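For reference, the structure is listed below as structure tokens.
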Amino acid sequence: MIHNFNAGPSVLPKEVFEEASKSVLNFNDTGLSILEIGHRTPLFEPVMAEARSLVKELMSLDDDHEVLFLHGGATTQFMQIPMNLLNENEIAAYTETGTWASKAIKEAKIFGHVEIVGSSKENNYTSIPKNIITPPTAAYLHITTNETIAGTQWHTLPYDCGVPLVADMSSDIFSRQLDFNKFDLMYAGAQKNMGAAGVNLVVINKNILGKVKRTIPTILDYRNHISEGSMLNTPPVFAVYVAMLTLRWLKKKGGIATLEQENNQKAELLYSTLDALPLFKTPVAKEDRSKMNAVFIMDDNNLEKEFLELCKKEGMIGVKGHRSVGGFRISMYNALSLESIKAITDLMKDFANKKG
Ligand SMILES: Cc1ncc(COP(=O)(O)O)c(C=O)c1O
Numbered sequence: 001m002i003h004n005f006n007a008g009p010s011v012l013p014k015e016v017f018e019e020a021s022k023s024v025l026n027f028n029d030t031g032l033s034i035l036e037i038g039h040r041t042p043l044f045e046p047v048m049a050e051a052r053s054l055v056k057e058l059m060s061l062d063d064d065h066e067v068l069f070l071h072g073g074a075t076t077q078f079m080q081i082p083m084n085l086l087n088e089n090e091i092a093a094y095t096e097t098g099t100w101a102s103k104a105i106k107e108a109k110i111f112g113h114v115e116i117v118g119s120s121k122e123n124n125y126t127s128i129p130k131n132i133i134t135p136p137t138a139a140y141l142h143i144t145t146n147e148t149i150a151g152t153q154w155h156t157l158p159y160d161c162g163v164p165l166v167a168d169m170s171s172d173i174f175s176r177q178l179d180f181n182k183f184d185l186m187y188a189g190a191q192k193n194m195g196a197a198g199v200n201l202v203v204i205n206k207n208i209l210g211k212v213k214r215t216i217p218t219i220l221d222y223r224n225h226i227s228e229g230s231m232l233n234t235p236p237v238f239a240v241y242v243a244m245l246t247l248r249w250l251k252k253k254g255g256i257a258t259l260e261q262e263n264n265q266k267a268e269l270l271y272s273t274l275d276a277l278p279l280f281k282t283p284v285a286k287e288d289r290s291k292m293n294a295v296f297i298m299d300d301n302n303l304e305k306e307f308l309e310l311c312k313k314e315g316m317i318g319v320k321g322h323r324s325v326g327g328f329r330i331s332m333y334n335a336l337s338l339e340s341i342k343a344i345t346d347l348m349k350d351f352a353n354k355k356g
């Protein structure tokens, strides 16, 4: 059996793979592949409509929040957000929590001024900044709710920052219940908790739009996507379809609350195992540990290599840490089973016993 701990693209529910592969050959008994149908047809339009309405339902969104499925990955949002929300002479508040937040900051500087209102750079991004103060004149506050590489996660959200709240939720979307209506813009690449690579979910409070002075290229203006029902141009048809299937699976399981319970169980088992085994060290502050991506190291490089080899032999995929930080990373997205965490924690215990 393979246990897939990849950080993204990553494990998806088996039933989604089965349904998606059937539809590549014969979509809804039409005799046509999902890959060869037009997007503006009665075949695909219901797919897009269901995907959008499942997001609304699962997040209990109010009527001000619009749901878009866009191209370009989360990285495109790093620039599309300031392009749509930040005037040249204004400031946007950003928190600097790791690789992904830093990339977002770099892009925002192209369009206006950035004020870093909280940073964990000094401690190598091993914690989440606390007690941040957002200037009331800021166009918005940007946070990265889960830093996929650093292995940190915001557990107390800055809902009361006093300005529009914007969040990169690429690696923890749909993994826990949040007060989603308090966010004015949420975005996430689909390839972790939501489906296949190639599509990007953007949820936006339409009231924050239309305030910048610059001319925005048609394809990058959120208002055009909203008015065209997320079909301004050809959407990534297959990726939207897989996202819709994954959202259906999520709903059938009982929604975000059920997934959150399962994710808590997985994280609890993994971190309690790590804490009990001195061979493994976790650099992240305990209260800021990510429930999606756990990062840890060993002091001995040779032992690290040995453990990675063992993981490979036992069918445990994606355990190696990101190339920029080394060590190990175990990603525990929604579709990863508790059995997989049991398997890797048993392996860690065995290994530590032999080496200790
Ligand atoms: C938190 C976070 N933001 C942004 C990205 C970039 O996403 P994409 O590759 O879809 O542009 C990633 C990718 O892993 C991520 O983990």
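Going by my numbering, the first residue of the sequence shown is number 1, and it counts up by one from there. Yeah, the Cβ is synthetic: ideal placement off N, Cα and C, and Gly gets one too. For clarity, every value in this text was computed on a predicted model and none was experimentally measured.
Exposure of ALA196, with buried meaning 16 or more beta-carbon neighbours within 10 Å: The count along the sequence shown starts at 1 and reaches residue 196 at position 196. Result: buried.
Sequence-distant residues of the same chain with beta carbon closer than 8 Å to MET361, five excluded per side: In the structure displayed, the chain extends from 1 to 356; residue 361 sits before or after that span and is not available.
Bounding residues of the alpha helix (DSSP H) (the contiguous stretch that carries HIS113): Here residue 113 refers to the residue found at position 113 of the sequence shown. From DSSP, HIS113 is part of no alpha helix (DSSP H) but of the beta strand (DSSP E) over 113 to 119.
C-alpha gap between ILE81 and ALA239, whole angstroms: Along the sequence shown, read from residue 1 onward, the residue named residue 81 stands at position 81. Along the sequence shown, read from residue 1 onward, the residue named residue 239 stands at position 239. The straight-line gap from Cα to Cα measures roughly 22 Å.
Reference GLU45; option with closest CA among PRO217, PRO235, SER331: Position 45 of the sequence shown, counting from 1, holds the residue named residue 45. Among PRO217, PRO235, SER331, the Cα nearest to that of GLU45 is on PRO235.
Proximal residues to THR99 (C-beta, below 6 Å), its chain only, five neighbours per side dropped: Sequence index remark: in the sequence shown, residue 99 carries index 99 (1-based). Excluding residues within five positions, the ones whose Cβ falls inside 6 Å are ILE149.
Between the CA atoms of LEU259 and LEU274 - distance to the nearest angstrom: As a working mapping, residue 274 is identified with position 274 in the sequence shown. As a working mapping, residue 259 is identified with position 259 in the sequence shown. Taking the straight line joining both Cα atoms gives about 22 Å.
Pairwise C-alpha distance: GLY73 and TYR125: Looking up residue 125 in the sequence shown gives position 125. Looking up residue 73 in the sequence shown gives position 73. Rounded to the nearest angstrom, the two C-alpha atoms are 23 Å apart.
Near ligand 1: ILE149 beta-carbon under 8 Å from a heavy atom: By one-based count along the sequence shown, residue 149 stands at place 149. Yes, since a heavy atom of ligand 1 falls inside the 8 Å radius drawn around the Cβ of ILE149.
Nearest-angstrom Cβ-Cβ length linking LEU86 and GLY118, presumed shorter than 8 Å: In the sequence shown, the residue the question calls residue 86 occupies position 86. In the sequence shown, the residue the question calls residue 118 occupies position 118. In fact, because the Cβ distance is near 18 Å, the residues do not count as touching under 8 Å.
DSSP bridge partner residues for SER331 (one or two, in chain order): Position 331 of the sequence shown, counting from 1, holds the residue named residue 331. DSSP output for SER331 lists ASN293 as bridge partner(s).
Nearest-angstrom beta carbon gap, VAL163 and LEU178 [assumed within contact, 8 Å]: Within the sequence shown, the letter at position 178 stands for residue 178. Within the sequence shown, the letter at position 163 stands for residue 163. No, LEU178 and VAL163 are not in contact; Cβ-Cβ is about 18 Å, not under 8 Å.
Buried/exposed call for SER53, threshold 16 Cβ in 10 Å: Within the sequence shown, the letter at position 53 stands for residue 53. Exposed is the call here.
For THR282, the three-state DSSP class (helix, strand or coil): Within the sequence shown, numbered from 1, the residue matching residue 282 stands at position 282. Coil.
heavy atom of ligand 1 below 8 Å from TRP100 C-beta: The sequence position of residue 100 within the sequence shown is 100, counting from 1. True, at least one ligand heavy atom lies under 8 Å from that Cβ.
Distance cut-off 8 Å: VAL21 Cβ against heavy atoms of ligand 1: The residue you call residue 21 lines up with position 21 of the sequence shown. Residue 21 is actually Ser in this sequence, not Val. No, the beta carbon of SER21 sits no closer than 8 Å to any heavy atom of ligand 1.
Bridge partner(s) assigned by DSSP for MET169: Counted from its first residue, the sequence shown places residue 169 at position 169. Looking at the DSSP assignment, MET169 forms no beta bridge with any residue, so it has no partner.
Reference ALA352; option with closest CA among SER324, GLU306, ILE341: One-based indexing of the sequence shown puts residue 352 at position 352. Comparing Cα positions, the closest option is GLU306.
Heavy atom of ligand 1 within 8 Å of SER227 beta-carbon: Against the sequence shown, residue 227 aligns to sequence position 227. No.
Close beta carbons around PHE27, own chain, < 8 Å, minus the five adjacent residues each side: Here residue 27 refers to the residue found at position 27 of the sequence shown. Same-chain partners within the cutoff: SER33, ILE34, ILE37, LEU43.
Nearest-angstrom Cα separation, counted from SER21 out to LYS106: Within the sequence shown, residue 106 is the residue found at index 106, counting from 1. Within the sequence shown, residue 21 is the residue found at index 21, counting from 1. The straight-line gap from Cα to Cα measures roughly 39 Å.
Boundaries of the alpha helix (DSSP H) in which MET186 is found, first to last residue: Counting from 1 along the sequence shown, the entry for residue 186 is found at position 186. Premise fails: MET186 lies in the beta strand (DSSP E), 185 to 189, not in any alpha helix (DSSP H).
Rounded Cβ spacing between SER230 and MET48 (contact assumed at less than 8 Å): Along the sequence shown, one-based indexing puts residue 230 at 230. Along the sequence shown, one-based indexing puts residue 48 at 48. Yes, they are in contact, since the Cβ atoms of SER230 and MET48 sit about 6 Å apart, within 8 Å.
Residue range of the beta strand (DSSP E) that includes VAL203: As a first step, residue 203 must be located in the sequence shown, where it is residue number 203. Note, VAL203: beta strand (DSSP E), 200 to 205.
For LYS320, three-class secondary structure by DSSP: Counted from its first residue, the sequence shown places residue 320 at position 320. Of the three classes helix, strand and coil, the one that applies to LYS320 here is strand, per DSSP.
Near ligand 1: LYS170 beta-carbon under 8 Å from a heavy atom: The sequence position of residue 170 within the sequence shown is 170, counting from 1. Note that residue 170 corresponds to Ser in the displayed sequence, not to Lys. Under cutoff, so the answer is yes.
Three-state secondary structure assigned by DSSP to LEU70: Taking the sequence shown and counting its residues from 1, the one referred to as residue 70 is at position 70. Reduced to three states, the DSSP call for LEU70 is strand.
TYR159 Cβ short of 8 Å to ligand 3 heavy atom set: This structure simply doesn't include ligand 3; it includes ligand 1 instead.
The stretch 327 to 339 touching the stretch 281 to 295, judged by at least three CB pairs closer than 8 Å: yes
Cβ neighbour criterion (16 or more within 10 Å) applied to PRO136: Stepping through the sequence shown from its first residue, residue 136 is reached at position 136. It is exposed - the Cβ of PRO136 has fewer than 16 other Cβ atoms within 10 Å.
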